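These notes are about the structure you will find just below.
Protein chains: 2
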Amino acid sequence: MPGAFAFTLTGRDGQARTGRITTPHGAIETPAFMPVGTRGAVRGVTQRALRATGAEILLANTYHLYLRPGDALIAERGGLHRFIGWSGPMLTDSGGYQIFSLGPMVRISEEGARFRSHLDGSLHTFTPERVVDIQAQLGPDIAMVLDECLAAPATEEATARSLDLTLRWAQRARNRFLELQAGPVAGVIVSTPGQAQFGIVQGGVHRHLRAHSAEALQAIGFESYAIGGLSVGEPVAVMYDVVGFTAPLLPEDRPRYLMGTGMPDDLVECVARGIDLFDCVLPTRNGRNGQAFTPDGPINLRNARFARDDRPIEEGCPCETCQGHSRAYLRHLFQAQEMTAGTLTSVHNLVFYLDTLKRIRQAIGFGMFEQFRLKFHRHFSRTPHAS
Amino acid sequence: MPGAFAFTLTGRDGQARTGRITTPHGAIETPAFMPVGTRGAVRGVTQRALRATGAEILLANTYHLYLRPGDALIAERGGLHRFIGWSGPMLTDSGGYQIFSLGPMVRISEEGARFRSHLDGSLHTFTPERVVDIQAQLGPDIAMVLDECLAAPATEEATARSLDLTLRWAQRARNRFLELQAGPVAGVIVSTPGQAQFGIVQGGVHRHLRAHSAEALQAIGFESYAIGGLSVGEPVAVMYDVVGFTAPLLPEDRPRYLMGTGMPDDLVECVARGIDLFDCVLPTRNGRNGQAFTPDGPINLRNARFARDDRPIEEGCPCETCQGHSRAYLRHLFQAQEMTAGTLTSVHNLVFYLDTLKRIRQAIGFGMFEQFRLKFHRHFSRTPHAS
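Top line first, the protein sequences correspond to chains A and B.
To convert, note that position 262 of the first sequence is 243 in my numbering; the numbers rise steadily by one, no gaps.
To convert, note that position 80 of the second sequence is 61 in my numbering; the numbers rise steadily by one, no gaps.
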């Protein structure tokens, strides 16, 4: 199939790898970070500004787009890329995480998940097959299967039971995906021929459950695999451990996607454990709240000590925000509740994340990743700093 | 003085004129429209996006910037241009309009206006001299004098009494302006040498009061003159009348600034009456609320009929929004309450206003302004239309 999904490993340094994912809408250099555009828009950042950050792939959310404006409406418009005006690669999550965040508004059965819309309380059912159909209509380059996302902490028994359901769902999702690939199915528009489908490894913090999940998903056979169920409140050290023993269980020749992670130092640590693909709302969500990332760690631009600070957020940063504006001006914009405060800080944070990944790729290319990692940690502190 | 204020008339067609204003921060082709960046930022539009719209001059607000972050803080940062990261020409209003909008929180005397901050209730006094000092510190290229803005409707007697006070204030403002120009004054930083000061013609709807005001201000002598006290709720026809008889009372060889106007057709009509400079919040305020301007008039993007409309707001418009996005997507963004909805619509509206002014200048240059005006009105309707 022309322009279909492929992955080429281009380098490695320890467990860290560089590679190139090709998709129907273009290529992505890995390790890569995906900005989150839940409703087909990164909050406060226009598509044009997003392209200027250097983002190569954008994530959107099946649950939100299914409810509004609807996958049928988007398919009629030619699919997500045309609808939102983003011509590069896209990935949609399955909506599982959002549904299971609805708490008492969701009921799970073997068939799927029945839930009430957070918008109007209307009843909906997501089955593994239905989610494949919705994503076929939305037309991202990469679609994620529906999985059950357990509330943490869960017992080992509950985790195992949930994992088994998730694996049965994965098989059904794959069957449906192949059915759509085989030829036209009434009522489903395939917006992006060549779409790839990723399975999601679950199993909580239990090594044998993660191993079982990884093995079973590979037996089903997906274009690639993600690690789910992390960054949901567990200690960072536990997350690193689980990533550390799960990533090597996944195929060498496929990109490994760690869902929903994380802080910049998490990205460095998880690349060190073999992860190739990340997404996270932190650069934009925290940016809207005044938190800006620097090589020394985050700073809070609302702080009074920035009122007379003529420096940019980060000296030498090439972004629109740092080239044009001081911390003093950004603080003023936050104080005055100007929308551009969140926009400008989000743009910088995205550039910070994307540039960190670029430096990671360069370091791996030069076989210097371990030096990069140590140097990064020597500077970067998670707690807001005073410089 | 190098780079000081100047105006060159470059063409005329009936009462309509083209010209070029030069300022310490560059030139402006007139007739010109100034986007409003009240707090040193156009709401939802970054400076970089604003430059892309083709805006040549930006308006900011003395009242808001004086209260927060303060003119002293801005002067320490090198003035408004450096503080906000806008290197082109700027104009600040005097704060009069904002103060007199405070209603019961303002007390007027011969000395000036005593008011309570809308932010924290603290007491402040704006005298004509103080407002000159504040604007010297802010450092726009053009500063407006403090005037009394009467609530409409006012009796002729009240208007005349208010006008006399405004004229005494204008003389005091000019005296202070010349004092600052003559040499250093303790406690006042002059952020932009070569700043120009505009007087404001008041007098309500009364021809003889407007004439008296225009004459008295020219006797004082300012770099140029504005028409104030309009677009405050009077019928459009009355506004056109007042502009029509007031503009010719102002010097031919100076730019004439009509404050706070208006809808696109108002701009056309007021250019026809000899106006050179406009400012208005409509393109951005209405843009944030979903109203987009087209050559046929405004449309409301929240309307359900745009849900499946794949056309841009305006066919052939070169702006980021029209080049990249459909009405269907913009409607989705408004429905989903995404910040970029307001940003993208504001950007288009600013481009619509600025392009209208550009077409006006071209028409005047070709001696075809009357044809342009008729054609504009044939298409443009103020009431939201259905196409």
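Heads up, the beta-carbon is just placed ideally off N, CA and C, and yes, glycines get one too.
Fair warning: this is a prediction, and the values are worked out from it, not measured in the lab.
Problem - Of the residues Val186/A, Gln178/A, Glu215/A and His187/A, the one placed nearest Ala207/A, counting alpha carbons only - result: Translated into positions along the first sequence, residue 207/A becomes position 226. For Ala207/A, the nearest C-alpha among the options comes from Gln178/A.
Exercise for the section: Measure the alpha-carbon distance for Arg312/A versus Pro365/A and round it to whole angstroms. Expected result: Locating residue 312/A in the first sequence gives position 331, counting from the first residue. Locating residue 365/A in the first sequence gives position 384, counting from the first residue. Using only the alpha carbons, I get a separation of about 15 Å.
Exercise for the section: Give the DSSP bridge partners of Thr275/A, in chain order. Expected result: Taking the first residue of the first sequence as position 1, residue 275/A is located at position 294. Thr275/A is bridged by DSSP to Gly278/A.
Practice task
Output yes if chain B places a C-beta closer than 8 Å to the C-beta of Met320/A; else output no.
Solution key: Residue mapping note: residue 320/A aligns to position 339 of the first sequence, counting from 1. Between Met320/A and chain B, the shortest Cβ-Cβ separation is below 8 Å.
Exercise for the section: Would you list the one or two residues that DSSP bridges to Asn42/B? Expected result: Reading the second sequence from its first residue, position 61 is the one you call residue 42/B. In the DSSP output, where bridge partners are listed per residue, Asn42/B has Asp74/B.
Exercise for the section: Return the chain-ordered list of same chain residues with a C-beta closer than 8 Å to the C-beta of Arg1/B, the five sequence neighbours on each side being excluded. Expected result: Sequence index remark: in the second sequence, residue 1/B carries index 20 (1-based). Here the set comprises Phe(-12), Thr(-11), Thr(-9), Ala8, Ile9, Glu10 and Thr11.
Exercise for the section: Just mark Leu104/B as buried or exposed, buried being the case when its beta carbon has 16 or more other beta carbons within 10 Å. Expected result: On the second sequence, residue 104/B is found 123 positions in, with the first residue counted as 1. Exposed, because fewer than 16 other Cβ atoms sit within 10 Å of the Cβ of Leu104/B.
Exercise for the section: Measuring only between beta-carbons, confirm whether Tyr206/B sits less than 8 Å from chain A. Expected result: Here residue 206/B corresponds to residue number 225 of the second sequence, with the count starting at 1. Chain A, which has no Cβ nearer than 8 Å to the Cβ of Tyr206/B, makes this no.
Practice task
Could you check what DSSP says for Ala132/B in three-state terms: helix, strand or coil?
Solution key: Working through the second sequence from its first residue, we reach residue 132/B at position 151. In the three-state DSSP reduction, Ala132/B falls in the coil class, being neither helix nor strand.
Exercise for the section: Quick one: give me the first and last residue of the beta strand (DSSP E) that Thr106/A is part of. Expected result: Within the first sequence, residue 106/A is the residue found at index 125, counting from 1. For Thr106/A, the enclosing beta strand (DSSP E) has its first and last residue at Leu104 to Phe107.
Practice task
With a 10 Å radius around its C-beta and 16 neighbouring C-beta atoms as the bar for buried, classify Phe357/B as buried or exposed.
Solution key: Counting from one through the second sequence, the residue named residue 357/B turns up at place 376. Buried, because 16 or more other Cβ atoms sit within 10 Å of the Cβ of Phe357/B.
Exercise for the section: Might you give, ordered along the chain, the residues of its own chain that have their beta carbon closer than 6 Å to the beta carbon of Glu129/B, omitting 5 neighbours on each side? Expected result: Here residue 129/B corresponds to residue number 148 of the second sequence, with the count starting at 1. Here Glu129/B has Ser143, Leu146 and Thr147 as same chain residues with Cβ atoms under 6 Å from its own Cβ, once five neighbours each way along the sequence are excluded.
Handout entry: Best match in Glu233/B, Met71/B and Tyr78/B for proximity to Leu119/B [C-alpha to C-alpha]
Key = Here residue 119/B refers to the residue found at position 138 of the second sequence. Nearest option by C-alpha distance: Met71/B.
Practice task
Take Ala228/A as the anchor and find which of Leu100/A, Gly255/A, Asp122/A and Met220/A has the nearest alpha-carbon.
Solution key: As a position in the first sequence, residue 228/A is number 247, starting the count at 1. A check of alpha carbon separations from Ala228/A across Leu100/A, Gly255/A, Asp122/A and Met220/A identifies Gly255/A as the nearest.
Practice task
State yes or no: is the beta carbon of Glu215/A nearer than 8 Å to at least one beta carbon in chain B?
Solution key: Here the question's residue 215/A lines up with position 234 in the first sequence. Not closer than 8 Å to any Cβ of chain B, the Cβ of Glu215/A fails to qualify, so no.
Problem - Contacting residues, own chain, Cβ-Cβ under 7 Å from Arg354/A (five flanking each side not counted) - result: Sequence index remark: in the first sequence, residue 354/A carries index 373 (1-based). These residues qualify, in order along the chain: Val249 and Ala253.
Exercise for the section: Whole angstroms is fine: what's the gap from Gln183/B's alpha carbon to Val171/B's? Expected result: As a working mapping, residue 183/B is identified with position 202 in the second sequence. As a working mapping, residue 171/B is identified with position 190 in the second sequence. Their backbone Cα atoms lie some 28 Å apart in a straight line.
Exercise for the section: State yes or no: is the beta carbon of Pro(-17)/A nearer than 8 Å to at least one beta carbon in chain B? Expected result: Against the first sequence, residue -17/A aligns to sequence position 2. Only weak support exists for where Pro(-17)/A lies, its pLDDT of 46 falling under 50; the value from the coordinates is given anyway. At a cut-off of 8 Å between beta carbons, Pro(-17)/A makes no contact with chain B.
Practice task
List the residues of chain B whose Cβ lies closer than 8 Å to the Cβ of Val26/A, in chain order.
Solution key: Working through the first sequence from its first residue, we reach residue 26/A at position 45. Taking a Cβ-Cβ threshold of 8 Å, the residues of chain B close to Val26/A are Thr321, in chain order.
Practice task
Drop a sphere of 10 angstroms on the beta-carbon of Leu61/B, count the other beta-carbons inside from all chains shown, and report buried for 16 or more, exposed for fewer.
Solution key: Numbered from 1 along the second sequence, position 80 holds the residue referred to as residue 61/B. Residue environment: Leu61/B is assigned as buried (16 or more neighbouring CB atoms within 10 Å of its CB, all protein chains considered).
Exercise for the section: State yes or no: is the C-beta of Thr265/A within less than 8 Å of the C-beta of Val113/A? Expected result: As a first step, residue 265/A must be located in the first sequence, where it is residue number 284. As a first step, residue 113/A must be located in the first sequence, where it is residue number 132. Taking 8 Å as the Cβ cut-off, Thr265/A and Val113/A do not qualify as a contacting pair.
Handout entry: Between the CA atoms of Arg32/B and Pro(-17)/B - distance to the nearest angstrom
Key = Here residue -17/B is taken as the residue at index 2 of the second sequence, counted from 1. Here residue 32/B is taken as the residue at index 51 of the second sequence, counted from 1. Since pLDDT at Pro(-17)/B reaches only 46, below the 50 mark, its modelled position is unreliable, and no value is offered.
Exercise for the section: Give the interface partners of Ala288/A over in chain B, defined as CB-CB distance under 8 Å, in chain order. Expected result: Position 307 of the first sequence, counted from the first residue, corresponds to residue 288/A. Taking a Cβ-Cβ threshold of 8 Å, the residues of chain B close to Ala288/A are Pro50 and Leu54, in chain order.
Exercise for the section: Would you check if the segment 25 to 42 of chain A and the segment 153 to 163 of chain A touch, i.e. whether three or more CB-CB distances between them fall below 8 Å? Expected result: No, because fewer than three Cβ pairs between the segment 153 to 163 of chain A and the segment 25 to 42 of chain A fall closer than 8 Å, the two stretches do not touch.
Exercise for the section: Kindly say whether His62/A, judged by its beta-carbon, lies nearer than 8 Å to any beta-carbon of chain B. Expected result: The residue labelled residue 62/A in the question sits at position 81 within the first sequence. False, the Cβ-Cβ gap to chain B never drops below 8 Å.
Handout entry: At least three beta-carbon pairs within less than 8 Å, the segment 342 to 354 of chain B to the segment 291 to 303 of chain B
Key = Contact between the segment 342 to 354 of chain B and the segment 291 to 303 of chain B is not established, with fewer than three Cβ pairs separated by less than 8 Å.
Practice task
May I ask you to report which of helix, strand or coil DSSP gives Gly214/B?
Solution key: For the purposes of this step, residue 214/B is taken as residue 233 along the second sequence, with counting starting at 1. Assignment of Gly214/B by DSSP, reduced to helix, strand and coil, places it in the coil class.
Problem - DSSP state of Leu127/B mapped onto helix, strand, coil - result: As a working note, residue 127/B is residue 146 in the second sequence. In the displayed model, Leu127/B falls within coil according to three-state DSSP, outside both helix and strand.
Handout entry: Selection from Arg20/A, Thr27/A and Arg97/A that minimises the alpha carbon distance to Gly305/B
Key = Along the second sequence, one-based indexing puts residue 305/B at 324. Between Gly305/B and the set Arg20/A, Thr27/A and Arg97/A, the nearest pair of CA atoms involves Thr27/A.
Practice task
Note down the Cα distance separating Ile65/B from Gly69/A, rounded to an integer number of angstroms.
Solution key: As a first step, residue 65/B is located in the second sequence; it is residue number 84 there, counting from the start. As a first step, residue 69/A is located in the first sequence; it is residue number 88 there, counting from the start. Near 33 Å, if we compare the C-alpha coordinates of Gly69/A and Ile65/B.
Practice task
Put Phe14/B into one of helix, strand or coil per three-state DSSP.
Solution key: As a working note, residue 14/B is residue 33 in the second sequence. Here Phe14/B carries a strand assignment [DSSP, helix/strand/coil].
Handout entry: Neighbour list for Leu325/A in chain B, Cβ cutoff strictly below 8 Å
Key = Walking along the first sequence from the start, residue 325/A turns up at place 344. Within chain B, the residues whose beta carbon sits less than 8 Å from that of Leu325/A are Thr27, listed in sequence order.
Exercise for the section: Select from the segment 335 to 347 of chain B all residues with a C-beta closer than 7 Å to any C-beta belonging to chain A, and list them in chain order. Expected result: If the cut-off is 7 Å between Cβ atoms, the segment 335 to 347 of chain B has nothing near chain A.
Problem - Alpha carbon of Glu215/A to alpha carbon of Ala133/A, nearest angstrom - result: Taking the first residue of the first sequence as position 1, residue 215/A is located at position 234. Taking the first residue of the first sequence as position 1, residue 133/A is located at position 152. The straight-line gap from Cα to Cα measures roughly 8 Å.
Practice task
Kindly list the residues whose CB is nearer than 7 Å to the CB of Thr19/A, restricted to its own chain and excluding five residues on each side of it in sequence; keep chain order.
Solution key: Residue numbering aside, residue 19/A sits at position 38 when the first sequence is read from its first letter. Ala41, Asn42 and His45.
Practice task
Look up Ala8/A in the DSSP assignment and say whether it is helix, strand or coil.
Solution key: For the purposes of this step, residue 8/A is taken as residue 27 along the first sequence, with counting starting at 1. The answer is strand: DSSP assigns Ala8/A an E or B state.
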